Structure formats: structure tokens, C-alpha cells
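Comments concern the structure below.
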Amino acid sequence: MTLPGARWLRRRRALVGLAVHRVVGRVRSSPQRVVLSVLGVALAVALVVAVTGVALGLTAESVVQNDDTDFWVVPEQSTAESVAVSSGGVKLGDVHATSERIERDERVDYATPVALSVVPVTDRTTGETEYVLAAGIVPREGQELFGLSTTPLEPGDPHYANGSYDGPWTGEAVVNDAAASITNTSEGEDLQVARTGTNRSFRVLNVSQGEAGFGFGSAPIAVVHLSELQSATGLAASDQADQILVSTNDPGVRSDLESLYPHTTVVTKRGISAQQASTSNLPLAVGLSALLSALVVGVLFIATLMGLEVSADRATLGTLATLGFASRSRSLLIGCETLVVAVVGGLVGVAVGAGSIGLVNRVVGARFGIAEVAVFDPLLVPYGLAVAAVVGVVGSVYPIYLGRRTDVLEVLSE
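Note that UniProt numbering has the sequence shown beginning at 1, numbered continuously upward.
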């Protein structure tokens, strides 16, 4: 004896199988509308996958920090973005002496000034001018900045020479893969500064996979001695830098740091995270815009084309009615057909979207030297399929409506 629940499940399974069979049959006989429906959903899903990948890239951390640093002393006008990248605004002066004074505090592990500047350098192969983000720092062993270890650099800042800037020029630099790529430079070769009035160069000691998370992947970066960057960029006159990084476990140090300079701000890791949270709506807005656009485009495509398919298939629907298919069963059949087409389109769209992410990264990397603009997360696969399923369910309303309006007697009398 068959249970009612098992009978209901068997009937629904048979309807789904019939829906798949009918879709395959249409593809073999007259595939135009089905193929266009699949492509419409695929376009929508590819859009949402690709743009969401870009949104995921935008969520990358945008803080320039050393993992051991607890405070940043920055100009008062700085924001979370200007802490990360120099924008030619207000700078700190007399930073070497100030950092030494901070380090004399027993509560402070170390303090180091950092100057950030976009520096033009000459491509060794083409001779063209490229740009890298140069970070000047007073190196110490085991320290990292932008994910680049400063260990290969000579400790201290010998060219500073107590403010005379006539000490030995080390010309040392560590760079990330992006910087080495756009300048066609490898370990042991020189980076020539392409700036009027200077013939300075930096020898690359190490190339590694450092990363500046500015929301668009890895930018070309070079880490050099602070005084040498100051000399090459005109910051030596007032011993200028953009920020001072301070490592300490004592929160009481903050009040002393706040009295170092007028019109400065002492920022904690938590403070920068809060500023980042206030700007994190951009990736969310991008992702939501892509989702809404995909839903609208996908639903319009599949509703229109599957509606035309139902209108062209009225005779078959009439035949099914004479065979005992109730109106509800015919509606479920149409809905399943629409959902099958949408899921197939979703699979195609996920594949196209993943390929689009790789293509975007390759094009932008070749043009701008940025390693990764968009990120493909494995969760984008079920996300894309879920979007396709929603498109299929919502888009099936119109074809089902047309199917229910079909007059069986009128169709059979034609």
C-alpha cells in the first residue's frame, strides 16, 4: 500500500522529469527561445558574480600598518585613507628626533617615522616612466611594512647622519612583485628615480609578495630608508614624514603622544577600523546594485521568452489537459521548466563570471601593475546559483499566468 506522501512525492518527481524532458526536446527541435532564455539568465548571473568579486576586492583592508604598532601619530586632517596613502597634504616635521624622543620612554617598544610618496621610476626595458608607492622607514630587523620584511635593509638610517643628510647612501630597497613587474626589475638591479634634479637610484635587494590592501589589490610598492626617500623627494629640508608608528602595550602613552605636535591626531588600530567601517558601505552598495540589476535583467529575459514559449506550446498544454493533467499540475510543469532553464543559465553565468574576474585582473594587472582587483570566492558559486533560482521562480509567474489562461477547448478545436 502506497502512502499518500510517497504518492505525492512520486508525482512531483515525475513532473520535474517531464519538465527536463520537455526542455531538452525544445533544445533539439526549436532551441532559439530556450537558448536566449539561458543566455539572459547567464548574463545576469555573470554580472552579479563579476561585480560581487570586485566588491569583495574592495573589502580588503586599507590600513598601512605594522602588526606590532599600537598607535599612529598622524596630521589632524588625516583620514583612514590618507593614513594609508600619502596625498600631498599636511606632514609631520623633525620626525627623526621626535621618534628618538618617543623611544626614550620605557613604555615604548619602538617608534619609527614613515614617509609615503608616489615616485616615478624608469622601466629598465622600455625606458618609460612608471610609478611606485615608496615607503621610507627607519628599518629594524624583523620589521614588516606592507607585508614586506625590512630585514634585508641596513638597520638604522645612515644617510640621515644626525640631520646633515650627508651620510652613506645605501640605495637599498625591497619591493613587491607588482613593483618588480611594472618596472621590469629583479633582485640585484637598480630602480632609477625619474625625477628632475636627481640622479638617485635604489638597488633591489629582495622581491617578495608584499601587499598594500587599498581595496583594489596589490599596488607596486618599494620600501627604502627614510632619509634616502626624503632626499629623493624633497622632504629632507624639514625632516618630514606622513606618520609615526609607535609600538607599546601601555595605553597611557597616548596622552603623551598627543602632546608631541600641534594639530595632530593619535590613532589606534580600533580607531582606524572604525573609520574603515564607515566607508565599508561602498562594497555593500556595489554588491546590492549588481544583485538588483541581475534580478531585473534575468526576470525580464526569462519571463518574456518563456512566456512566448508557453504561447507557442498551447496545443501541447491542451493535450496534457485532456490526458488528465489538472490546471495546478500544468502550472507546476511550466514553473519547473522555467526553473530548469534558469538553473542552466546560472551554471553558465557562474562560469562566465569567474572567467570575467580573471580577465579583469589580467587586464588591470597588465595596464596598471595591480595584481588583484576582483576576488573569486568559492561561495560565489552557490550565490550565483541562488540568484538564478530566484530569477527562475519570479520569472515563472508570467508563463504560469499565460498557461492558466489557455482555453483547452479552444486549443483543441483549432
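For glycine and all other residues, C-beta sits at the position ideal for the given N, C-alpha and C. This one's a predicted model, so the numbers in the text were calculated from it and none came from an experiment.
Could you work out which residue in the options is closest to residue i when comparing CA atoms only?
| i | options | result |
| --- | --- | --- |
| residue 97 | 261, 27, 188, 184 | 261 |
| residue 39 | 348, 300, 365 | 348 |
| residue 331 | 134, 405, 363, 141 | 405 |
| residue 236 | 18, 7, 11, 91 | 91 |
| residue 115 | 99, 135, 198 | 135 |
| residue 222 | 149, 264, 255 | 149 |
| residue 139 | 170, 166, 401, 164 | 170 |
| residue 45 | 399, 396, 400, 382 | 382 |
| residue 302 | 23, 13, 41 | 41 |
| residue 146 | 165, 255, 179 | 179 |
| residue 43 | 387, 403, 399, 394 | 387 |
| residue 247 | 6, 73, 25, 32 | 73 |
| residue 25 | 156, 309, 239 | 309 |
| residue 304 | 234, 344, 400 | 400 |
| residue 164 | 208, 112, 94, 113 | 94 |
| residue 393 | 314, 298, 329, 351 | 298 |
| residue 244 | 36, 101, 107, 113 | 113 |
| residue 256 | 174, 311, 285, 103 | 103 |
| residue 421 | 219, 126, 174, 119 | The question about residue 421 has no answer, for the chain in this structure spans 1 to 414. |
| residue 306 | 333, 284, 329 | 333 |
How is residue i classed by DSSP in three states: helix, strand or coil?
| i | result |
| --- | --- |
| residue 134 | strand |
| residue 260 | coil |
| residue 199 | coil |
| residue 373 | coil |
| residue 249 | coil |
| residue 117 | strand |
| residue 75 | strand |
| residue 192 | strand |
| residue 143 | coil |
| residue 225 | strand |
| residue 177 | helix |
| residue 243 | strand |
| residue 111 | strand |
| residue 129 | strand |
| residue 184 | coil |
| residue 172 | strand |
| residue 49 | helix |
| residue 99 | helix |
| residue 207 | strand |
| residue 265 | strand |
| residue 149 | strand |
On the CB-based measure, 16 or more other CB atoms within 10 Å of its CB, does residue i come out buried or exposed?
| i | result |
| --- | --- |
| residue 21 | exposed |
| residue 184 | exposed |
| residue 356 | buried |
| residue 230 | buried |
| residue 379 | exposed |
| residue 133 | buried |
| residue 435 | Outside the modelled stretch of the chain, which goes from 1 to 414, sits residue 435, for which no answer is possible. |
| residue 225 | buried |
| residue 32 | exposed |
| residue 70 | buried |
| residue 240 | buried |
| residue 172 | buried |
| residue 251 | exposed |
| residue 37 | buried |
To which residues of the same chain is residue i closer than 7 Å at the C-beta, ignoring the five residues directly before and after it?
| i | result |
| --- | --- |
| residue 192 | 121, 122, 201 |
| residue 375 | 53, 56, 57 |
| residue 290 | 47, 48, 51, 52 |
| residue 151 | 141, 142 |
| residue 258 | 266 |
| residue 167 | 158, 159, 160, 161 |
| residue 23 | 34, 337, 340, 341 |
| residue 327 | 404 |
Less than 8 Å between C-beta atoms, sequence neighbours within five positions excluded: which residues of the same chain meet that for residue i?
| i | result |
| --- | --- |
| residue 390 | 295 |
| residue 109 | 68, 247, 248, 249 |
Can you find the residues in the same chain that come closer than 6 Å, C-beta to C-beta, to residue i, ignoring five residues on each side of it along the sequence?
| i | result |
| --- | --- |
| residue 82 | Low per-residue confidence applies at residue 82: pLDDT is 41, beneath 50, and the placement is therefore not dependable, though the value from the model is reported in the following sentence. Correct list: empty, nothing qualifies. |
| residue 198 | 232 |
Any heavy atom of the ligand MG closer than 8 Å to the Cβ of residue i?
| i | result |
| --- | --- |
| residue 191 | Annotation note on the ligand MG: not contained in the displayed structure, which lists no ligands. |
Given 8 Å as the limit, is there contact between the stretch 8-19 and the stretch 332-345, that is, 3 or more CB pairs closer than that?
yes
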